[in-house]
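Encoded as structure tokens, the structure appears first; notes follow it.
Protein chains: 2
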Amino acid sequence: MMNHPPAEIGMRLADVDTPALLIDLDAFERNLHAMADNVSASGVRIRPHSKTHKCAVIARRQMALGAVGVCCQKVSEAQALVQAGVTDVLVSNQVVGRRKIARLVALAREAKVGVCVDDAGNAAEIGEAAAAAGISIDVLVEIDVGAGRCGVAPGDEALALARRVTSIDGLRFAGLQAYHGSAQHIRDYAARGRAIETAASMARGTVESLAREGVECETVSGAGTGTWQFEAASGVYDELQAGSYVFMDVDYAKNLDEAGRPFAAFEHSLFVYSTVMSRPVRDRAVLDAGLKAFATDCGMPRMADVESAAVLKASDEHAVVDPTASNASLTVGDKVRLIPGHCDPTVNLYDWYVCVRDDRVEALWPIVARGCVW
Amino acid sequence: MMNHPPAEIGMRLADVDTPALLIDLDAFERNLHAMADNVSASGVRIRPHSKTHKCAVIARRQMALGAVGVCCQKVSEAQALVQAGVTDVLVSNQVVGRRKIARLVALAREAKVGVCVDDAGNAAEIGEAAAAAGISIDVLVEIDVGAGRCGVAPGDEALALARRVTSIDGLRFAGLQAYHGSAQHIRDYAARGRAIETAASMARGTVESLAREGVECETVSGAGTGTWQFEAASGVYDELQAGSYVFMDVDYAKNLDEAGRPFAAFEHSLFVYSTVMSRPVRDRAVLDAGLKAFATDCGMPRMADVESAAVLKASDEHAVVDPTASNASLTVGDKVRLIPGHCDPTVNLYDWYVCVRDDRVEALWPIVARGCVW
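Heads up: the protein sequence lines correspond to chains A and B, in order.
Heads up: the first sequence runs through residues 735 to 1108, numbered per this note's numbering.
Heads up: the second sequence runs through residues 735 to 1108, numbered per this note's numbering.
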């Protein structure tokens, strides 16, 4: 019941049915290499977040370029990737409830699997299931370094939970999860750096407290596409979890670099391909892609190849564009590329990547973890 | 590669894995019957919109209660429903492009299929493909009755296109599509009624122009969950396309009735089931459902069973709730039901409905047209 792909390998881009999710392979590969080169120079490891792409082909490509494994947010996501050949997955999130924990433990027999905890009772449940299965699971204690979401407080609370984890059969204390989510989207470069300086200092303090108690902290993991340079340079973080860099989106492209210019280390490589399905009046072109074809939580998508024409609004299956200021004709049947406002929830709407190079479909990659929310 | 359901038939609701998309079967069935009874009393037909539910089981239930067929927005959606036994589908939307039209025509051999047009060139392409296949497709000319999206202008433009359609081999002019999308969400009852009065008058004028030219207009189709009573009473509309009434959502529940109270003809029957996965501090509970588990284009979901606790924000896989004003404990592992802000794009995120009655899972219905955007 997975949907058929809207394209065939070898066909011209213009013949791809719409809406379709495109990868510009040249731009995508430049992004992969840019991150791999940067990280290898920095001396830290990268464990890219696969919640962005949900695709085993991409995960394996990242690992071929030096990534130690990938992150997932959900056990079902990890299951889909492991089934498709990914050998090392950190669920960088809490896994709560008997059924989920059972799946996590079963998966840990098939691949190297880690998980985060921020609650002693939850840690005990995971340990019990793992011990009953005769295995041990790597556990990172999540600390809240400023994001205000999950995680215990750095310092004493983290220390207490880490000590608890070390005492539970079936668990192996593997370090700290210290991801600062909200810092990713601070536009100003220096302000972004300051947020990570604070986060790194909280993580450092916790590592030192642990060391004083004789608890070794093997790994501090965190970072995203907005901040990875800062964590890489912090001397505290060992592992970077950036994910969106493979695709970029309208939101991340608003982040500024040191000189106050849009951050240009990575390029847009992900597009929603769409057809002008109606052109009822001069100042309105209607596209065949709407809320079920792109996420709008970070705003409307941007037209990739059409100057001065904006997506004004979207409904379930339509987007309305005002083309009057543009010199593109946008007549019925024309196809356009949209840059998603937010790549992660956009990818989750599709079953296939249509991978394009030189205006030809070169590959179709299944989005195996699409819809894996549980 | 369709995902496994997060539940088994017969299990207690509390054992369902999360996030999951629940249907409260009692409320859902009351909604189905309430609409069927109302429409049958009004003397018009109902052709519910399946873009809401994307489920053949529900489409067949609607038809068993008197619906003449269903609407879809996409050819792929229609294909999925026809494959699952739905016999009459109107694609209440433009179908543009050679590949899409080929699929539409192929489908019209298997079921009764109609389509909307608002462009003469597009109509000619559909006619050519249909005639080449030796079939005829029912075509509604879409007129813009105030929504400002697709559709030609009522009156002369519509007349010209309708005459054109009648002259094209492979097409049968079947009437007008006159849906007023934006009127659905006007909160005030009288204002909503006035918007439909204007729409109905535009449709009536067009029907009369057609009649003067000797073109019979068999059907005027339109209406949604916000306005169906007005179209039903208009004397102009023959067919109602309401869809969201089966589930309702936070947005539609904001519409007011004649007395200025929330409109109570239909009940919330659709819920996102979610687990408290973290409770790091007193004023923050974190749920395991985020942007990939519910749509936020109409705002955050509402807590169904917890008083005075609001979903404050959502990220890809998390929602943050402030429970301080509530007397619910919301401790790690607790499960809650969320009412989606907007049901249609929420349903599109899931492969299965987990159908619940008396706290037991009674059925699992596949969402066969999930992801069918093309």
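Backbone N, C-alpha and C define an ideal beta-carbon position, used for all residues, glycine too.
Buried or exposed (CB count within 10 angstroms, at least 16 for buried), residue i
i          : result
Asp752(A)  : Residue identity check: residue 752(A) is Thr in the sequence provided, not Asp. So Thr752(A) ends up on the buried side.
Lys1047(A) : exposed
Ala1016(B) : The question names Ala, yet the displayed sequence has Arg at residue 1016(B). Per the 10 Å Cβ criterion, exposed.
Ser901(B)  : exposed
Ile871(B)  : buried
Asn989(B)  : buried
Arg832(B)  : exposed
Arg995(B)  : exposed
Asn737(B)  : buried
Asn765(B)  : buried
Ala863(B)  : buried
Thr786(B)  : buried
Ala1059(A) : exposed
Arg746(A)  : exposed
Local conformation of residue i per DSSP, three classes
i          : result
Thr786(B)  : coil
Asn856(A)  : helix
Gly960(A)  : coil
Leu799(B)  : coil
Ile902(A)  : coil
Met936(B)  : helix
Thr752(B)  : coil
Arg833(A)  : helix
Ala892(A)  : helix
Ala924(B)  : helix
Leu1025(B) : coil
Thr1080(A) : helix
Phe762(B)  : helix
Met769(B)  : helix
Leu874(A)  : strand
Arg1094(A) : strand
Gln828(B)  : strand
Leu716(A)  : Because chain A spans 735 through 1108 in this model, residue 716(A) falls outside it and cannot be assessed.
Glu973(B)  : strand
Gln911(B)  : strand
Beta-carbon gap between residue i and residue j smaller than 8 Å
i          : j          : result
Arg1036(B) : Leu756(B)  : no
Tyr1087(B) : Leu1098(B) : yes
Val873(A)  : Phe907(A)  : yes
Gly909(A)  : Cys951(A)  : yes
Ala957(B)  : Met769(B)  : no
Ile869(A)  : Ala842(A)  : yes
Leu1021(A) : Ser1008(A) : yes
Leu974(A)  : Ala966(A)  : yes
Asp983(A)  : Cys1077(A) : yes
His780(B)  : Ala798(B)  : Here residue 780(B) turns out to be Ile, not His, going by the sequence shown. No, Cβ-Cβ distance for Ile780(B) and Ala798(B) is not below 8 Å.
Asp1050(A) : Pro1079(B) : yes
Val1102(B) : Ala814(B)  : yes
Val809(A)  : Val829(A)  : yes
Phe1005(A) : Ala1053(A) : no
Ala881(B)  : His914(B)  : yes
Val886(B)  : Met936(B)  : no
Gln911(B)  : Glu876(B)  : yes
Ala934(A)  : Tyr971(A)  : yes
Glu811(B)  : Ser784(B)  : yes
Where residue i meets chain E, residues with beta-carbon distance less than 7 Å
i         : result
Ala934(A) : The structure shown contains no chain E; its protein chains are A and B.
_Tell me which residues of the segment 795-816 of chain A have at least one Cβ-Cβ distance to chain B shorter than 8 Å, keeping chain order._
Gln807, Lys808 and Ser810
*Name the residues in the segment 826-859 of chain A whose C-beta lies less than 9 Å from a C-beta of chain B; which are they?*
Asn827, Gln828, Val829, Val830, Gly831, Arg832, Arg833, Lys834, Arg837, Asp852, Asp853, Gly855, Asn856 and Glu859
*Name, going along the chain, the residues of the segment 741-757 of chain B whose beta-carbon falls closer than 8 Å to a beta-carbon of chain A.*
Asp749, Asp751, Thr752, Pro753 and Ala754
*Between the segment 760-786 of chain A and chain B, which residues of the former have a C-beta closer than 7 Å to a C-beta of the latter?*
Lys785
*Are three or more beta carbon pairs between the segment 1052-1072 of chain A and the segment 789-799 of chain A nearer than 8 Å?*
No, the segment 1052-1072 of chain A does not touch the segment 789-799 of chain A.
*Decide if the segment 936-945 of chain A is in contact with the segment 888-896 of chain A; the criterion is three or more beta carbon pairs, one per stretch, under 8 Å apart.*
yes
*Cβ pair count under 8 Å reaching 3, the segment 926-941 of chain B against the segment 956-971 of chain B*: yes
*Chain-ordered residues of the segment 967-999 of chain A with a beta carbon less than 7 Å from chain B*: none
*Are the segment 1089-1097 of chain B and the segment 1025-1035 of chain B touching by the rule of at least three beta carbon pairs closer than 8 Å?*
no
*asked:* Please identify, using Cβ separations under 9 Å, the residues of the segment 1075-1095 of chain A that lie next to chain B, in order along the chain.
replied: His1076, Asp1078, Pro1079, Asn1082, Leu1083, Tyr1084 and Asp1085
*Using a beta-carbon distance cut-off of less than 7 Å, what residues from the segment 899-928 of chain B approach chain A?*
Gly915
*asked:* Please identify, using Cβ separations under 8 Å, the residues of the segment 1043-1061 of chain A that lie next to chain B, in order along the chain.
replied: Ala1048, Ser1049, Asp1050, Glu1051, His1052 and Val1054
*Name the residues in the segment 1022-1040 of chain B whose C-beta lies less than 9 Å from a C-beta of chain A; which are they?*
Listed in sequence order: Asp1022, Ala1023, Gly1024, Leu1025, Lys1026, Ala1027, Ala1029, Thr1030 and Asp1031.
*When you check each C-beta in the segment 1095-1108 of chain A against every C-beta of chain B, which residues fall closer than 7 Å?*
Pro1100, Val1102, Gly1105, Cys1106, Val1107 and Trp1108
*If contact means a Cβ-Cβ distance below 9 Å, which residues of the segment 935-966 of chain B contact chain A?*
Listed by position, the residues of the segment 935-966 of chain B near chain A (Cβ gap below 9 Å) amount to none.
*Anything in the segment 1006-1020 of chain B with a Cβ closer than 9 Å to a Cβ of chain A? List those residues in chain order, please.*
Thr1009, Val1010, Met1011, Ser1012, Arg1013, Pro1014, Val1015, Arg1018 and Val1020
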